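Asker: Please see the structure below; I have some questions.
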């Protein structure tokens, strides 16, 4: 009997995370499991579940867990261990940001973003490492903001730069099991993060992108699946930004 695959996608009910979860489910087989967490938005989680074709509904496990909370993360990890026992693919996608001037940051805001984007993924990986199967895949969500400084989202860029460094640092840690560790660094992707952006802002950014448009969630999800199914890519930070600032 073929071994069934267990995947975990954090922040998987909206945006890029949802696209990745749907891509994995689309290519799943009977008996596969995909664990997806959501923080607070029950309506969005229900919309995600309701959108799935009937055969796929039994392959997804939706778990309410706030990825800025260590306690919630540990509870999510325990659910995964109890229901599946092991993990093949772990996609650390959950992330948050805020647009603020440096002098306007509060310690609480800074800490929550650092926890969600960096600290919680670090410890989630640490907790799941013993139950990750040989030949597994670990994929982080970085950002082009981790390569290019933006004063309007300082803390976000700092955390994503750290995620890039973390990705390369963990390659050796996961060597004994042959688990690959990679990250995606998206540029401007059309999600709800940008729903309040003005047309003027869109136009200004699009002029800096060689393809003159924001990317689609599908573009990133397709790349994620390509990395997850690649047997030799390891320690890579893969940009996907349409040629941003290549002028």
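Numbering (my numbering), first residue to last: 156 to 402. We treat Cβ as the ideally placed atom computed from N, Cα and C, and that holds for glycine. No experiment lies behind these values; they were computed from the predicted model shown.
Determine the DSSP secondary structure at residue 307, reduced to helix, strand or coil.
Answerer: Taking the chain shown and counting its residues from 1, one reaches residue 307 at position 152. Three-state DSSP puts residue 307 in a helix.
Asker: Just how far apart, CA to CA, sit residue 389 and residue 248?
Answerer: For the purposes of this step, residue 389 is identified with residue 234 of the chain shown, where counting begins at 1. For the purposes of this step, residue 248 is identified with residue 93 of the chain shown, where counting begins at 1. Those two C-alpha atoms are separated by around 18 Å.
Asker: Tell me, please, which residues DSSP counts as bridged to residue 296.
Answerer: The sequence position of residue 296 within the chain shown is 141, counting from 1. Residue 296 pairs with 339.
Asker: Just list the residues that DSSP pairs residue 344 with in beta bridges.
Answerer: Stepping through the chain shown from its first residue, residue 344 is reached at position 189. BP columns for residue 344 point to 370.
Asker: Where do the N-terminal and C-terminal ends of the beta strand (DSSP E) with residue 243 fall, by residue?
Answerer: Taking the chain shown and counting its residues from 1, the one referred to as residue 243 is at position 88. Element bounds for residue 243: 242-247.
Asker: Would you decide whether residue 194 is buried or exposed? Buried here means 16 or more other CB atoms lie within 10 Å of its CB.
Answerer: As a first step, residue 194 must be located in the chain shown, where it is residue number 39. Buried: at least 16 other Cβ atoms inside 10 Å.
Asker: Given that a residue counts as buried once 16 or more other Cβ atoms are within 10 Å of its Cβ, and exposed if not, what is residue 337?
Answerer: Here the question's residue 337 lines up with position 182 in the chain shown. Buried: at least 16 other Cβ atoms inside 10 Å.
Asker: First and last residue of the beta strand (DSSP E) that includes residue 190?
Answerer: As a working note, residue 190 is residue 35 in the chain shown. It spans 188-193 - the beta strand (DSSP E) in which residue 190 sits, taken as one unbroken run.
Asker: Here's the rule: buried if 16 or more other CB atoms are within 10 angstroms of the residue's CB, otherwise exposed. What is residue 245?
Answerer: As a first step, residue 245 is located in the chain shown; it is residue number 90 there, counting from the start. With 16 or more other Cβ atoms within 10 Å, it is buried.
Asker: Taking Cβ to Cβ, would you say residue 396 is nearer than 9 Å to residue 320?
Answerer: Along the chain shown, one-based indexing puts residue 396 at 241. Along the chain shown, one-based indexing puts residue 320 at 165. In this structure, residue 320 does not lie closer than 9 Å to residue 396 by Cβ.
Asker: Per the DSSP calculation, residue 252 is bridged to which residue(s)?
Answerer: Sequence index remark: in the chain shown, residue 252 carries index 97 (1-based). In the DSSP output, where bridge partners are listed per residue, residue 252 has none listed.
Asker: Straight-line CA distance for residue 178 to residue 372?
Answerer: On the chain shown, residue 178 is found 23 positions in, with the first residue counted as 1. On the chain shown, residue 372 is found 217 positions in, with the first residue counted as 1. When rounded, the distance between both Cα atoms is 11 Å.
Asker: In or out: residue 314 buried (at least 16 other Cβ within 10 Å) or exposed?
Answerer: In the chain shown, counting from the first residue as 1, residue 314 sits at position 159. Answer is buried; the Cβ neighbour count reaches 16.
Asker: Could you pull the start and end residues of the beta strand (DSSP E) that residue 394 belongs to?
Answerer: Against the chain shown, residue 394 aligns to sequence position 239. Unbroken beta strand (DSSP E) run through residue 394: 392-395.
Asker: Kindly list the residues whose CB is nearer than 6 Å to the CB of residue 317, restricted to its own chain and excluding five residues on each side of it in sequence; keep chain order.
Answerer: Locating residue 317 in the chain shown gives position 162, counting from the first residue. Contacts found: 273.
Asker: What residue range does the beta strand (DSSP E) around residue 215 cover?
Answerer: What you label residue 215 is simply residue 60 of the chain shown in a count that begins at 1. Its beta strand (DSSP E) spans residues 215-219.
Asker: For residue 322 and residue 392, what's the separation of their Cα atoms in angstroms?
Answerer: Locating residue 322 in the chain shown gives position 167, where the first residue counts as 1. Locating residue 392 in the chain shown gives position 237, where the first residue counts as 1. Going by the C-alpha atoms only, they are around 8 Å apart.
Asker: Of all the options 324, 257, 238 and 213, which has the alpha carbon lying nearest to the alpha carbon of residue 308?
Answerer: Taking the first residue of the chain shown as position 1, residue 308 is located at position 153. The residue with the shortest Cα to Cα distance from residue 308 is 257.
Asker: Using CA coordinates, which residue listed in 347, 217, 288 and 359 is at the minimum distance from residue 234?
Answerer: Counted from its first residue, the chain shown places residue 234 at position 79. Looking at the Cα atoms, 217 is the closest of the given residues.
Asker: Verify the contact flag: residue 181, CB atom, against every heavy atom of the ligand MG, threshold strictly below 8 Å.
Answerer: The ligand MG is not among the ligands present in this structure, which contains no ligands whatsoever.
Asker: Considering just the uninterrupted stretch of the alpha helix (DSSP H) at residue 206, what are its terminal residues?
Answerer: To locate residue 206, count along the chain shown from 1; it is residue 51. Per DSSP, residue 206 belongs to the alpha helix (DSSP H) from 197-206.
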